[in-house]
Amino acid sequence: MSMQGPLATSRSATGIPTGRLAVWWLLASEIFIFGGLIACYILYRLNNPWWGGEAVFTKVPAGAFNTFVLLTSSLFIVLAHDAAEKKDFDRAFKFIWYTIGGGLIFLLVKYYEYSSKLFTDDPELLKTPLTNTYWSFYYTATGLHALHVIGGMVIMALISFDLRKGFNPHRVELIGLYWHFVDIVWIFLFPLLYIAK
Amino acid sequence: MGQTTVTHDSHAAHEHDHHEQSFIMKYFFSTDHKIIGLQYMFTGMFMAIVGGYFAYAFRMQLAFPGMEVPLYGTVGPGEYNMLITNHGSIMIFWVAMPVLIAAFGNILIPLMIGCDDMVFPRLNRLSYQIFLLSVVVLFMSFFVQGGGFGGAWTSYPPLSAVAEYNLTDWGASLWLIAVALEFVAFLIGGINFVTTSMNARAPGMRMTDIPMVVWMIVLASIMFMASVGPLIAGSIMLLMDQRIGTTFFVPSGGGDPILWQHLFWFFGHPEVYVVLLPALGIVAEIMTTFARKKLFGYKTILYTTFATGGLAFVVWAHHQFIAGIDPRMANIFLVTTLLISIPIAEILFSYIATLYGGSIEFRTPMLWALGFLITFLLGGVTGIYLGSSALDIYFHDSYFVIAHFHYTFFPIAIIGMFAGLYHWYPKMFGRMMDETLGKIHFWGTIIPFNGIFLPLFLVGMAGQHRRIYNFQHFPDLATADLQGIRVFATVSMVTMLLFQFVFAYNFFVSMFKGEKAPANPWKSNTLEWTVPSPPPHGNFAELPVVYRGPYEYSVPGNKEDYWPQNMPDRN
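If you're matching them up, the sequences are chains A and B in order. Reading the first sequence from the start, the letters are residues 75 to 271 in our numbering. Reading the second sequence from the start, the letters are residues 470 to 1040 in our numbering.
Structure (structure tokens):
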């Protein structure tokens, strides 16, 4: 047992911390998952120009507001990272929870959007995943993205309490990388699903 | 090489492992890379038995239609589909992947790069647990109403998407969930392999000092990661088609079934190379050791592997030549497909050049390694036929295709696996396997293997379509000579399966009664042979420093014909 001497698992032959390296690889694999989904959507969209007529039923102001919220929450996680680097853990804790708050507002708006389409009495406005393939894509893509938002929020909440005690401050950077990725996915989804008519 | 920073995280994990552990904790919840590797290996070997059993049942049905198969019973048409589907899925996703990548990757990577564990030991354990869950879900799919999924391992919609078509409502969904879980397990494991090899190498180990098998497993993990993403997205879409009733892939609702084929083969073709590369790496280690010669063209092999990896992503539509794709697109994929045989051929030539002039010892692992080269060559050459779009129109979906991909996958998954097992068995279990039994097992596997699949090339060229349950219903294909060939193939297969008992006996008896293995029984150079067999927890008593590449055999000026990587002076 190698309790004496340095642990080989904490080596850094590349000079990049192992955790950051791993998150980049994780994000790379996520890019291929979302990339595959978005590529499928674009191919279908090109073959079905009439989907523009379906996209008018999306709520562009709600989506735009959510874009703003998500980008702001990304600013908060950057501020949390900055505070963690400066060992101001209370401040980092505060900004992590601001980020989680941003995620929460995003999800509430999402809920409002979903419910206005799923639970309406007006058959014109009723849009379920089964309405047609455009709406199947809409719910699959935004739903998968929302799951990523929830996952990020849970992880942030879990690490925040260790962070306040000063443990593992490097985790703020790692979750920050992930959160920016979630942000960027939304920046692709918003124009593709909402704006393109 | 910075190795001074010790994070809180890895420290905690290690202190935890330090205490004496109960049997259950040690073998079921261990975070030690060697134990996790063995877990993957035993699970994979168990699944190989299941997959082999399925193949036995449907081959008997093809040779003796309607007969009650001993140890199985009669095979009905739906059941036949379920058997071929799950034979393919199991052998690729639950045998080749776990054994070649996960088992050998876990056991070898930390040992070969001079490290005490993976960089994320607990993530590693999670990877295996998800994999085990995928096995459980797959087995559940066999026992639900309607039975296991029968839409082939490619799972083409609309057959796979609509329960009224495939008649296996939950079988299809559980199969899909099992495959998706397996993907997640390997994505997690792959992140571990890549980061460990990038960051945790022993001081002094340059990129070109890394043993070839580590390179190959890492490249395979990267290729897997880059190819499987779109299929994960596709699996979510297909699952929604099955369970919610969306119509992503169902033409009656405006969906496009061809899109699934693109997503599937964008993964499916690189997947061939994902499992091929680790096998090539294993063969490289074995050949250099038993030819006592330096690997011919280390960098050439590395660069051609990069080229293979790149090209592997632009050949996928050669599986769809007759699926209705644009013939102009078929031409592009024809060219890329024929191109990819160039780097692969270059690797094989380098291996042959490695053998040239070496002092070859025909020990059991070496026999398997040579068997790999010869059989894989035949698989590669017949691939050229199928890559030509004109010829493929005739050969598509025939037994020629079956014979071709078994000539690639069998050397990879079975011969490569046995080569690695015989070679590293002393390291894994601390005992030697019996040479004579090993050689009997080798000849008893390789000869019947050719007896199964050479005849299948013939029936394929004669026009025998795959996915037919009973050829008696097709007068053109029910002739006596074709049936004779089918019987010959089935008899060969049963012979091959019987010879696996020799292996099972050798494997389990040697584990307890075999001759004690020294640290370096093959006089090999790489770092795993510098530690006791089996290696203790933490692997290295003193973490090694690397001075040279892994293949310095028969160097003039040395007394011994091998020169371990961590030896500062002449040997």
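Note that beta-carbon positions come from the ideal geometry of N, C-alpha and C, so glycine has one too. Quick caveat: nothing in here was measured; it's all calculated off a predicted structure.
For residue i, the three-state DSSP class (helix, strand or coil)
| i | result |
| --- | --- |
| residue 474 of chain B | No answer about residue 474 of chain B holds up, because its pLDDT of 38 lies below 50 and its placement is not dependable. |
| residue 867 of chain B | strand |
| residue 499 of chain B | coil |
| residue 663 of chain B | helix |
| residue 155 of chain A | helix |
| residue 1006 of chain B | coil |
| residue 1022 of chain B | coil |
| residue 900 of chain B | strand |
| residue 85 of chain A | coil |
| residue 987 of chain B | coil |
| residue 1000 of chain B | coil |
| residue 1063 of chain B | Outside the shown range of chain B (470 to 1040) lies residue 1063 of chain B, about which nothing can therefore be said. |
| residue 538 of chain B | strand |
Close-in-space but distant-in-sequence residues of the same chain around residue i (CB under 6 angstroms, 5 per side omitted)
| i | result |
| --- | --- |
| residue 552 of chain B | 523, 526 and 527 |
| residue 854 of chain B | 860 |
| residue 628 of chain B | 620, 634 and 635 |
| residue 847 of chain B | 876 |
| residue 151 of chain A | 173, 250 and 253 |
| residue 576 of chain B | 503 and 506 |
Cβ-based burial, residue i [other Cβ within 10 Å; buried from 16]
| i | result |
| --- | --- |
| residue 75 of chain A | Any reading at residue 75 of chain A is ruled out, since the residue's pLDDT is 34, under 50, leaving its predicted position unreliable. |
| residue 481 of chain B | Low confidence applies to residue 481 of chain B: its pLDDT is 40, below 50, so where it sits in the model is not reliable enough to give any reading. |
| residue 494 of chain B | exposed |
| residue 825 of chain B | exposed |
| residue 982 of chain B | exposed |
| residue 754 of chain B | buried |
| residue 1021 of chain B | buried |
| residue 905 of chain B | exposed |
| residue 186 of chain A | exposed |
| residue 246 of chain A | buried |
| residue 1002 of chain B | buried |
| residue 942 of chain B | exposed |
| residue 221 of chain A | exposed |
| residue 795 of chain B | exposed |
| residue 548 of chain B | buried |
| residue 823 of chain B | buried |
Close-in-space but distant-in-sequence residues of the same chain around residue i (CB under 8 angstroms, 5 per side omitted)
| i | result |
| --- | --- |
| residue 163 of chain A | 157, 237, 238, 239, 240 and 243 |
| residue 735 of chain B | 696, 699, 700, 782 and 785 |
Beta carbon proximity, residue i to chain C, threshold 9 angstroms
| i | result |
| --- | --- |
| residue 988 of chain B | Structure shown: chain C not included; protein chains present are A and B. |
Cut-off 7 angstroms between Cβ atoms - residues of its own chain near residue i, not counting five sequence neighbours on either side
| i | result |
| --- | --- |
| residue 894 of chain B | 902 |
| residue 954 of chain B | 924, 927 and 928 |
| residue 226 of chain A | 177, 249, 252, 253 and 256 |
| residue 133 of chain A | 187 |
| residue 564 of chain B | 513, 516, 517, 520 and 882 |
Residue i CB to nearest heavy atom of the ligand GDP below 8 angstroms
| i | result |
| --- | --- |
| residue 207 of chain A | Absent from the structure shown: the ligand GDP. Ligands present: none. |
Return the residues of the stretch 711–732 of chain B that lie within a Cβ-Cβ distance of less than 8 angstroms from chain A, sorted by chain order.
Considering only beta carbons, the part of the stretch 711–732 of chain B lying closer than 8 angstroms to chain A consists of 713, 714, 715, 716, 717, 722, 723, 724, 725, 728 and 732, in chain order.
Between the stretch 878–898 of chain B and the stretch 913–929 of chain B, can you find at least three pairs of beta-carbon atoms closer than 8 angstroms?
Flag = yes, the stretch 913–929 of chain B and the stretch 878–898 of chain B touch.
How do the stretch 533–543 of chain B and the stretch 588–605 of chain B stand: do at least 3 beta-carbon pairs fall below 8 angstroms, yes or no?
No contact exists between the stretch 533–543 of chain B and the stretch 588–605 of chain B.
Touching by the beta-carbon criterion (3+ pairs, under 8 angstroms), the stretch 664–677 of chain B and the stretch 601–614 of chain B:
With the cut-off at 8 angstroms, the stretch 664–677 of chain B and the stretch 601–614 of chain B do not touch.
Stretch pair the stretch 692–704 of chain B + the stretch 730–746 of chain B: three plus CB contacts closer than 8 angstroms
Touching, yes, given that three or more Cβ pairs across the two stretches are closer than 8 angstroms.
Are at least three pairs of beta-carbons, each pair with one atom in the stretch 726–734 of chain B and one in the stretch 107–119 of chain A, less than 8 angstroms apart?
Put simply, the stretch 726–734 of chain B touches the stretch 107–119 of chain A. At least three CB pairs are less than 8 angstroms apart.
The stretch 579–586 of chain B in contact with the stretch 650–664 of chain B per 3-pair CB rule at 8 angstroms
No, the stretch 579–586 of chain B does not touch the stretch 650–664 of chain B.
Listed from N- to C-terminal order along the chain, which residues in the stretch 174–205 of chain A have their beta-carbon within a distance smaller than 8 angstroms of any beta-carbon of chain B?
Listed in sequence order: 203 and 204.
Any chance the stretch 586–597 of chain B sits against the stretch 768–784 of chain B, with 3 or more Cβ pairs inside 8 angstroms?
Contact between the stretch 586–597 of chain B and the stretch 768–784 of chain B is absent, because fewer than three Cβ pairs lie under 8 angstroms.
Should the stretch 828–835 of chain B be regarded as contacting the stretch 887–894 of chain B, the criterion being three or more beta carbon pairs within less than 8 angstroms?
Yes: at least three Cβ pairs fall under 8 angstroms.
Short of 8 angstroms Cβ to Cβ, which residues in the stretch 622–642 of chain B face chain A?
So nothing in the stretch comes that close.
Contacting positions in the stretch 666–677 of chain B - beta carbon closer than 7 angstroms to chain A
From the stretch 666–677 of chain B, only 667, 668, 669 and 670 have a Cβ closer than 7 angstroms to chain A.
Along the stretch 95–122 of chain A, where does the CB come closer than 8 angstroms to a CB of chain B? Name the residues.
From the stretch 95–122 of chain A, only 95, 96, 99, 100, 102, 103, 104, 105, 106, 107, 108, 109, 110, 111, 113, 114, 117, 118, 121 and 122 have a Cβ closer than 8 angstroms to chain B.
Identify each residue in the stretch 505–517 of chain B for which the Cβ-Cβ distance to at least one residue of chain A is less than 8 angstroms, and report them in chain order.
Answer in chain order: no residues at all.
Selection of the stretch 650–663 of chain B by Cβ proximity to chain A, strictly under 7 angstroms:
Listed by position, the residues of the stretch 650–663 of chain B near chain A (Cβ gap below 7 angstroms) are 656, 660 and 663.
Could you run through the stretch 681–714 of chain B and flag, in chain order, every residue whose CB is less than 8 angstroms away from some CB of chain A?
Residues are counted here when their Cβ sits less than 8 angstroms from a Cβ of chain A; for the stretch 681–714 of chain B these are 694, 695, 696, 697, 698, 699, 700, 701, 702, 703, 705, 706, 709, 713 and 714, given in chain order.
Closer than 9 angstroms, Cβ to any Cβ of chain A: which residues of the stretch 567–596 of chain B, in chain order?
Per Cβ criterion, the list reads 579, 582, 583, 584, 585, 586, 587, 588, 589, 590 and 592.
Decide if the stretch 703–722 of chain B is in contact with the stretch 204–212 of chain A; the criterion is three or more beta carbon pairs, one per stretch, under 8 angstroms apart.
Yes, the stretch 703–722 of chain B touches the stretch 204–212 of chain A.
At least three beta-carbon pairs within less than 8 angstroms, the stretch 933–953 of chain B to the stretch 1003–1020 of chain B
The stretch 933–953 of chain B vs the stretch 1003–1020 of chain B: no contact.
Any chance the stretch 977–995 of chain B sits against the stretch 741–750 of chain B, with 3 or more Cβ pairs inside 8 angstroms?
Too few Cβ pairs lie closer than 8 angstroms, so no.
Would you call the stretch 674–686 of chain B and the stretch 90–106 of chain A touching, i.e. three or more CB-CB distances under 8 angstroms?
Touching, no, given that fewer than three Cβ pairs across the two stretches are closer than 8 angstroms.
Between the stretch 131–145 of chain A and the stretch 261–271 of chain A, are three or more C-beta pairs nearer than 8 angstroms?
The answer is yes - the stretch 261–271 of chain A touches the stretch 131–145 of chain A, with three or more Cβ pairs under 8 angstroms.
For the stretch 216–249 of chain A, enumerate the residues whose C-beta is nearer than 8 angstroms to any C-beta of chain B, in chain order.
If you check each beta-carbon in the stretch 216–249 of chain A against every beta-carbon of chain B, the ones closer than 8 angstroms belong to 218, 241, 242 and 244.
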